[in-house]
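Here is the structure we will look at.
Numbering (the working numbering), first residue to last: 114 to 345.
Structure (structure tokens):
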């Protein structure tokens, strides 16, 4: 036990909060992504440098030969991938800039953008979540470019996530941007923490939803939304 405590301390891990004490609990703590107040004081280059260093240590602990041609560049590649790609949605500077347009066509029915493919990562095990988002809104006088809906989904997906939070973050962001309560989201996703480890169930999927405004109050609107996303 003492040897384990010493090893964890050398890696900067508080033994009192190690896995043995935390166990396998999956605790949801916030509708917002849990971030420290100083999360963005460090620039991207320094973050990548530190991640590269620590991931090199992880590979060393695993017993991998870092002098091998195939492996020696891996820590740097992982660091760049974390900051510039799969966790880029953590940084507010990467938030999509959205321009709204007047609804000149006076289109007052729901608009549905379905089958938006996204890749995220489970915050409990840091393995992929792969799924599709279906989004609907009813204009309150303004409309948004269709590709911006996809970009909003991708922005919130590119961070360590739980699916419930991802669904709510997309829904609340669209409500605020569009100035309408009439927003609906359905996310259908496969979690690699279920299929590649643990129970190893490769067939199950997780579905979450967000309904507000007419979609929450009016069963007809919800049913119409479901009809549209089931169309081929």
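The beta carbon of each residue, even a glycine, is placed where N, CA and C say it ideally should be.
Here residue 210 is exposed, its C-beta having fewer than 16 other C-beta atoms within 10 Å. Following the DSSP letters along the chain, one finds residue 223 in no alpha helix (DSSP H) but inside the beta strand (DSSP E) bounded by residues 223-235. Taking C-beta separations shorter than 8 Å and ignoring five residues to either side along the sequence, the partners of residue 309 in its chain run 240, following chain order. Per the C-alpha coordinates, the member of 184, 155 and 263 positioned closest to residue 247 is 263. Short of 8 Å from the beta carbon of residue 337, and not among the five residues preceding or following it, lie these beta carbons of its own chain, in chain order: 223. Assigned with DSSP and collapsed to three states, residue 217 falls in coil, not helix or strand.
For residue 342, the uninterrupted alpha helix (DSSP H) run begins and ends at 332-343, by DSSP.
In this chain, the beta strand (DSSP E) harbouring residue 323 covers 319-324. Here the alpha carbon of residue 227 sits roughly 20 Å from the alpha carbon of residue 332.
Comparing alpha-carbon positions, the option among 200, 236, 229 and 290 lying closest to residue 266 turns out to be 229. DSSP places residue 267 within a helical segment (H, G or I) once states are collapsed to three.
Residue 304 carries a strand assignment under DSSP once its states are collapsed to helix, strand and coil. Its chain contains 253 as the residues whose beta carbon lies nearer than 6 Å to that of residue 292, once the 5 sequence neighbours on both sides are disregarded; these appear in chain order.
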